[in-house]
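Read through the structure below, which is laid out as structure tokens, and then see the notes.
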């Protein structure tokens, strides 16, 4: 059986203000083409189809189109919900979708009930575990502690119990969770774009939980990971943070033989634009010929000038039109130890505003800027006076 493992589509998500729906639609085209070209038998989507519980209409339409196109092909599709999805919304009409060969599994109550497929070597039982919030299942499953490890342990016990009654069946498990060999490895696996799922400071579940299945298709982490030959993360098909600048995005193409995984190949997905992070003084970045390689990239720029340059973003975009994020870390200046606490007692609004400009820019406001700030402060006072007039009690005519 040939399996295509994907996850974390996050349909409807943007990238630092840039809409990603066209790029997500291009990934869907690539996915459907790969399924046909590689003669895929089973597509598994390990959660986070959408970016939020109430997705925008165009994201819902793209998901509907995707599942319809997959259903029209030869492959069966099994989908689980992630921590970004609404289990109810994603699972709506699940029984109707079953008839089309698209199996939406979003209810924790159905954990341990497989989707059954057949190939030339017999039965393959596919168990889709939705994202399991420990508090949601703690009482029903009598969890010994409030943690993701306890929830996944209980879920895998249900999978194991069902498999006992299916001698000779091979097993595929989808799970949306933070799985790692140890906490040190977990620190290297995470990306900035993943939502924290910690419960009481504990979010990591051990890889050993999946040692009894033939293939575990994991979702949640946005970088591809190989925890073992049979336990893998596909990662997200698109980058959603600059911490993913070095990632190759795509899906796993897995061959399942009579005794387990026989081959696994990573299939890269199309990238709408490369990502890059650069740092240095503004003038150096604008004049350095070596920076020509990133002129077409989405950029995160960190400026190291001793003083914050004026109109830095506009000047950067003249050479690097796709600069999205701008930071400032002056050379030789120690990083602040914590948030600044402004001193405002006894100071006028204008004085506070001018102090803010000098603090963040390490340069006093120009005369024109001071006049503009003064006008802004005076406008605020005029509005406050008008509000006070409206609130004042009116006398009654005698």
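In the numbering used here, the protein residues as written are 611 to 1008. Just so it is clear, CB atoms sit at the ideal spot from N, CA and C, and this is done for glycine as well.
Roughly how many angstroms separate the alpha carbons of residue i and residue j, rounded to a whole number?
i           : j           : result
residue 788 : residue 748 : 18 angstroms
residue 802 : residue 720 : 32 angstroms
residue 694 : residue 815 : 19 angstroms
residue 625 : residue 798 : 22 angstroms
residue 666 : residue 696 : 13 angstroms
residue 920 : residue 857 : 33 angstroms
residue 811 : residue 932 : Model confidence at residue 811 stands at a pLDDT of 49, short of 50, so the residue's coordinates are unreliable; what they give is reported in the following sentence. Near 37 angstroms, if we compare the C-alpha coordinates of residue 932 and residue 811.
residue 828 : residue 841 : 7 angstroms
residue 630 : residue 777 : 45 angstroms
residue 988 : residue 917 : 29 angstroms
residue 642 : residue 820 : 29 angstroms
residue 835 : residue 876 : 11 angstroms
residue 705 : residue 889 : 53 angstroms
residue 682 : residue 672 : 15 angstroms
residue 851 : residue 976 : 36 angstroms
residue 900 : residue 854 : 22 angstroms
residue 896 : residue 849 : 26 angstroms
residue 685 : residue 813 : 33 angstroms
residue 662 : residue 974 : 43 angstroms
residue 780 : residue 716 : 22 angstroms
Please confirm whether residue i and residue j have their CB atoms less than 8 angstroms apart.
i            : j           : result
residue 860  : residue 878 : yes
residue 690  : residue 746 : no
residue 660  : residue 688 : no
residue 940  : residue 637 : no
residue 724  : residue 737 : yes
residue 935  : residue 911 : yes
residue 676  : residue 847 : no
residue 892  : residue 928 : no
residue 614  : residue 670 : no
residue 645  : residue 680 : yes
residue 909  : residue 930 : yes
residue 1029 : residue 874 : The displayed coordinates of the chain run from 611 to 1008. Any statement about residue 1029 would go beyond what the structure contains.
Here's the rule: buried if 16 or more other CB atoms are within 10 angstroms of the residue's CB, otherwise exposed. What is residue i?
i            : result
residue 1008 : The predicted position of residue 1008 is uncertain, since its pLDDT is 44 and thus under 50; a value taken from the coordinates is nonetheless stated next. Answer is exposed; the Cβ neighbour count stays below 16.
residue 674  : exposed
residue 611  : buried
residue 955  : exposed
residue 886  : buried
residue 824  : buried
residue 702  : exposed
residue 1013 : As displayed, the chain neither begins before 611 nor continues past 1008, which places residue 1013 out of reach and without an answer.
residue 628  : exposed
residue 783  : buried
residue 692  : buried
residue 678  : exposed
Using a Cβ-Cβ distance under 8 angstroms, would residue i count as near chain B?
i           : result
residue 960 : Here chain B cannot be found, since the structure has a single protein chain.
- Item | Segment contact flag, the stretch 956 to 968 with the stretch 976 to 986, C-beta cutoff 8 angstroms, min 3 pairs | yes
- Message: Restricting to runs no shorter than 3 residues, where is the beta strand (DSSP E) found entirely within the stretch 845 to 884?
- Response: 860 to 867, 870 to 878
- Task: Take every Cβ of the stretch 724 to 734, pair it with every Cβ of the stretch 757 to 765, and state whether three or more of those distances are shorter than 8 angstroms.
- Result: no
- Message: Restricting to runs no shorter than 3 residues, where is the beta strand (DSSP E) found entirely within the stretch 701 to 740?
- Response: If you keep only unbroken beta strand (DSSP E) runs of at least 3 residues inside the stretch 701 to 740, you get 712 to 715, 725 to 729, 732 to 739.
- For the stretch 649 to 702, list the alpha helix (DSSP H) runs that are entirely contained and at least 4 residues long, ordered along the chain. 667 to 681, 697 to 700
- Contained beta strand (DSSP E) runs [length at least 3] in the stretch 914 to 973, N- to C-terminal order: Entirely contained in the stretch 914 to 973, the beta strand (DSSP E) runs reaching 3 residues are, in chain order, 933 to 938.
- Every unbroken alpha helix (DSSP H) inside the stretch 749 to 820 [4 residues or more]: 758 to 774, 793 to 799
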